[in-house]
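Residue 779 in this note's numbering sits at position 331 of the sequence shown; the count goes up by one each step and never skips. Each residue gets a CB set at the ideal place from its N, CA and C atoms; glycine is no exception.
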Amino acid sequence: MAQLNDNFLKLQKNYLFIDIANKVSAFKAAHPEANLIRLGIGDVTLPLAPAVIEALHKAVDEMAHKDTFRGYGPEHGYDFLQDAILENDFKPRGIQLERDDIFISDGAKSDTGNIGDILSLRNSIAVTDPIYPVYIDSNVMSGRAGDLVNGAWNNITYMPCNAENNFVAPIPDHAVDIIYLCYPNNPTGTVITRERLKQWVDYALQNHSIIMYDAAYEAYIQDPSIPHSIYEIEGAKRCAIEFHSFSKTAGFTGTRCGYTVVPQELTARTADGKEASLNQLWNRRQSTKYNGTSYIQQRGAEAIYTPEGKQQVRETIQYYMENARIMREGLTKAGLQVFGGENAPYIWFRAPQGMTSWQFFDRLLEEVHVVCTPGVGFGPSGEGYIRLTAFGSRENSLEAMQRILTWL
Ligand code: PLP
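Structure follows, in structure tokens:
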């Protein structure tokens, strides 16, 4: 009889969004008249930019004609999108990368989840706590996380991020092979300074570690001193892989497109002690297991980099960031200790009066009719914290703050 991958059976069920959905359904059944405001889910709500829509239409029309029809594309993406990325996301920041360093994908979830394919199962892992769950679960699936002992995976180093360290991961006091960092951070909405990121790069170079840098929210950075890419730090091309997504940058959560940077300078050791290029391995992995992001989506993504596209995308981000400002101010006025929301679309705050994350969630739902996300769902260090997202409407953001202020 065929044997399954037992590692999948070790996965902890992620009850977070199921529990939230169940509680919200029960509440709605009991209070059908309630005007519920949902500030929990991390999905965008505004439509794609007109420049993107136009480009998508044009690409669809190309597919309708024999002369312009496209079949299979290059697995690593079309030159036109790689060039637009190099010109706009990296060159202005003084980062020299090449086309071959850029792998277009269907988003950052797939790539952060799949990247472990090209790395040995013997590598040790470090993650921040709280965390975007894909980093841990994908390592559990491959068997790299080890076993769950007292609620923690025994081959994973957890780096608690809390108010005391300003939600910036403490650097481990021992060598770790692979480190997952995400800034601006989901769920805490906090960022990392250039100085701190340099310390991480220095640590990685010294220990021959690889940093998996998730920059899915970099477009939300408002403070010019905050790095948008780890490659702004000297030496990072030798120790980091960076993940980008058009999901939150430009509303592609349903359209699907992103990219991953695997610099050709980046190497790792083979079992017999030689050094080999990870870029070539990732290229091979993608060519074998991925058949490319659709031409239509890539044309849509390219339009983000046109002058009109840039302006339209910026306006949408500013809309969400104004929601974030309203929420930050509202919660602060209500006497809460608030983090994030200045360079990210997430607001993170401590529940008052020592309430647990779920206690606060229940009361906010029952008494205020606002849905939030309990921080503990992102890891044990999230206990006692709450995440709100700025992806809702202006009206709902204002109304929710008014209700919370009156309530508290
Ligand atoms: N990385 C982080 C930190 C995220 O929060 C998300 C989505 O919420 C993703 C990656 C996934 O992005 P994509 O839609 O490109 O798969």
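query                                                                                                                           : result
DSSP state of D662 mapped onto helix, strand, coil                                                                              : strand
Local Cβ density within 10 Å of K722, reported as buried at 16 or more and exposed below that                                   : exposed
Ranges of the beta strand (DSSP E) found wholly within the stretch 549-628, counting only runs of at least 3                    : 550-553, 573-577 and 604-608
Coil, strand or helix - G788 by DSSP                                                                                            : strand
S845 (DSSP reduced to helix, strand or coil)                                                                                    : helix
Lining residues of the ligand PLP - beta-carbon closer than 5 Å to any non-hydrogen atom, in sequence order                     : G490, G555, A556, K557, Y580, C630, N634, D662, A664, S693, S695 and G706
For I466, the three-state DSSP class (helix, strand or coil)                                                                    : helix
I468 beta carbon near the ligand NAP (any heavy atom closer than 7 Å)                                                           : Ligands in the displayed structure: the ligand PLP; the ligand NAP is not one of them.
Environment of Y661 [buried if 16+ CB atoms lie within 10 Å]                                                                    : buried
Selection from A684, T736 and Y665 that minimises the alpha carbon distance to Y651                                             : A684
Option in F551, K514 and A512 with minimal Cα separation from D527                                                              : F551
Unbroken alpha helix (DSSP H) run spanning H692, endpoints                                                                      : From DSSP, H692 is part of no alpha helix (DSSP H) but of the beta strand (DSSP E) over A688 to S693.
Nearest-angstrom beta carbon gap, R835 and N771 [assumed within contact, 8 Å]                                                   : About 14 Å separates the two Cβ atoms, so there is no contact after all.
Unbroken alpha helix (DSSP H) run spanning F456, endpoints                                                                      : N455 to K458
Expected contact under 8 Å - CB spacing of G637 and Y833 to nearest Å                                                           : Their Cβ separation, rounded to whole angstroms, is 11 Å, which puts G637 and Y833 out of contact at 8 Å.
CA nearest to the CA of L855, picked from F839, L812, P828 and F826                                                             : Correcting the residue identity first, residue 855 is Trp in this sequence and not Leu. The shortest C-alpha separation from W855 is found at L812.
Beta strand (DSSP E) segment containing F797, residue limits                                                                    : Y794 to R798
Assumed close pair W806, V824 - CB separation to whole angstroms, cut-off 8 Å                                                   : 7 Å
Separation of L496 from C705, as counted between CA atoms                                                                       : 13 Å
Cβ pair count under 8 Å reaching 3, the stretch 775-792 against the stretch 624-639                                             : yes
Beta-bridge partners of Y833, as assigned by DSSP                                                                               : R798
Counted within 10 angstroms of its Cβ, other Cβ atoms place S677 as buried (16 or more) or exposed                              : buried
Validate contact between the stretch 609-628 and the stretch 653-660 using beta carbons, cut 8 Å, 3 pairs                       : yes
Span separating the alpha-carbon of I468 from that of V818                                                                      : 12 Å
Local conformation of T764 per DSSP, three classes                                                                              : helix
Contacting residues, own chain, Cβ-Cβ under 7 Å from M775 (five flanking each side not counted)                                 : G789, I795, L836, A838, S845 and M849
Burial state of R592, where buried means 16 or more other Cβ atoms lie within 10 Å                                              : buried
R717, enclosing beta strand (DSSP E) - first and last residue                                                                   : T715 to R717
Which of helix, strand or coil DSSP assigns to T854                                                                             : helix
CB-CB length for N603 against S829, believed under 8 Å                                                                          : Not really, about 19 Å apart at Cβ, beyond 8 Å.
Contacts around I566, its chain only, beta-carbon distance under 7 Å, and the 5 residues preceding and following it disregarded : L726, L729, W730 and R733
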